[in-house]
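First to last, the sequence lines map onto chains S and B. The numbering of the first sequence is my numbering, which starts it at 27 and goes up by one. The numbering of the second sequence is my numbering, which starts it at 695 and goes up by one. Backbone N, C-alpha and C define an ideal beta-carbon position, used for all residues, glycine too. All values derive from a computational prediction rather than experimental measurement.
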Amino acid sequence: GNSVTQMEGPVTLSEEAFLTINCTYTATGYPSLFWYVQYPGEGLQLLLKATKADDKGSNKGFEATYRKETTSFHLEKGSVQVSDSAVYFCALPPYSGAGSYQLTFGKGTKLSVIP
Amino acid sequence: EAGVAQSPRYKIIEKRQSVAFWCNPISGHATLYWYQQILGQGPKLLIQFQNNGVVDDSQLPKDRFSAERLKGVDSTLKIQPAKLEDSAVYLCASSLAGMTYEQYFGPGTRLTVT
Chain S
27 GNSVTQMEGP
37 VTLSEEAFLT
47 INCTYTATGY
57 PSLFWYVQYP
67 GEGLQLLLKA
77 TKADDKGSNK
87 GFEATYRKET
97 TSFHLEKGSV
107 QVSDSAVYFC
117 ALPPYSGAGS
127 YQLTFGKGTK
137 LSVIP
Chain B
695 EAGVAQSPRY
705 KIIEKRQSVA
715 FWCNPISGHA
725 TLYWYQQILG
735 QGPKLLIQFQ
745 NNGVVDDSQL
755 PKDRFSAERL
765 KGVDSTLKIQ
775 PAKLEDSAVY
785 LCASSLAGMT
795 YEQYFGPGTR
805 LTVT
């Protein structure tokens, strides 16, 4: 089945630093790819998504490009803020043609941004 | 618009005891999911409902876990009896029926089994 691998955390950055969180996937076909974010004490929220190869998802200054050549969907932000401190999850459907809209999540990468 | 509601937020029980979690999805969302999130891991799907029918419960440990969604709205997840390894955050999520991968998550219930 499909799977996703995220870079190990935690990641600690100073405010205004550049962020990259790596995500690579193994999949049959070209499934949609997602980044979810979990702020402290809250549930997961969809951050951005890409539905086909070469698509770029973006939201709140974050971007990720669906690259089929490298099977990657790395999350980037040019200048992080303290409010970006959270756990970030890469996700995709568990197998091609799932149809039931389930998601398989990576282990998560905890980001801490210090002033 | 109200989000996904879950209760309780925290629960501590001893092993072999029983526990139940409640979830109220976003109004109009026909699909409801229960996930288990063990510390340091991503959420793992336990069960998915479409209205009041089960779509997938292949990863639900049915010897001790049960879930129901009798009227196609609220849902309850039960563990009986609990084991130490059940300590986790239990997340409920909902989405529009068959239309999207965008799931809306509740804040979760943190269960500690001692």
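- Where glycine 747 of chain B is concerned, the enclosing beta strand (DSSP E) starts and stops at 747 to 750.
- Contact between the segment 760 to 768 of chain B and the segment 86 to 95 of chain S is absent, with fewer than three C-beta pairs closer than 8 Å.
- Every candidate alpha helix (DSSP H) stretch fails here, since none sits fully inside the segment 719 to 773 of chain B while reaching 4 residues.
- Taking a C-beta cut-off of 9 Å against chain B, none of the residues of the segment 78 to 89 of chain S qualify.
- Membership of leucine 785 of chain B in the beta strand (DSSP E) is indicated by the continuous run 782 to 789.
- Of the other Cβ atoms in all chains shown, fewer than 16 fall within 10 Å of the Cβ of glutamine 774 of chain B; this residue is therefore exposed.
- For lysine 133 of chain S against glycine 736 of chain B, the beta-carbon gap comes to about 5 Å, under 8 Å, which counts as contact.
- Taking all protein chains in view, the Cβ of proline 66 of chain S is surrounded by fewer than 16 other Cβ atoms within 10 Å, so the residue is classified as exposed.
- The C-beta of glycine 802 of chain B comes closer than 8 Å to at least one C-beta of chain S.
- About 15 Å separates the CB atoms of threonine 803 of chain B and glutamine 711 of chain B; that is not less than 8 Å, and the two are not in contact.
- Within the segment 726 to 737 of chain B, the residues whose Cβ lies closer than 9 Å to some Cβ of chain S are Tyr727, Tyr729, Gln731, Gly734, Gln735, Gly736 and Pro737, listed in chain order.
- The distance from the Cβ of valine 30 of chain S to that of leucine 118 of chain S is about 6 Å, consistent with a contact at the 8 Å cut-off.
- Neighbours of tyrosine 795 of chain B across chain S, judged by C-beta separation under 8 Å: Ser58, Phe60, Lys75, Pro119, Tyr127 and Leu129.
- In the three-state reduction of the DSSP assignment, leucine 778 of chain B falls in the helix class, which pools H, G and I.
- Against chain B, the CB of glutamate 41 of chain S has no partner CB under 8 Å away; the residue lies outside that interface.
- Using a Cβ-Cβ cut-off of 8 Å, leucine 101 of chain S does not count as an interface residue toward chain B, since no Cβ of chain B sits closer than that to its own.
- Straight across, the Cα-Cα distance linking alanine 724 of chain B with glutamate 796 of chain B is about 13 Å.
- Taken in chain order, the segment 36 to 62 of chain S contains no complete alpha helix (DSSP H) segment of 4 residues or longer.
- Annotation for serine 84 of chain S: Leu74 place their beta carbon closer than 7 Å to its own, counting only its chain and skipping 5 residues before and after.
- Within chain B, the residues placing a beta-carbon under 7 Å from that of leucine 72 of chain S are Glu796, ordered along the chain.
- Interface flag for lysine 133 of chain S against chain B is set, since a Cβ pair is found closer than 8 Å.
- With a contact defined as Cβ atoms closer than 8 Å, alanine 79 of chain S and serine 58 of chain S miss out at about 11 Å.
- Contacts with chain B at 8 Å (Cβ-Cβ) do not include glycine 27 of chain S.
- By the criterion of at least three beta-carbon pairs nearer than 8 Å, the segment 41 to 51 of chain S is in contact with the segment 100 to 108 of chain S.
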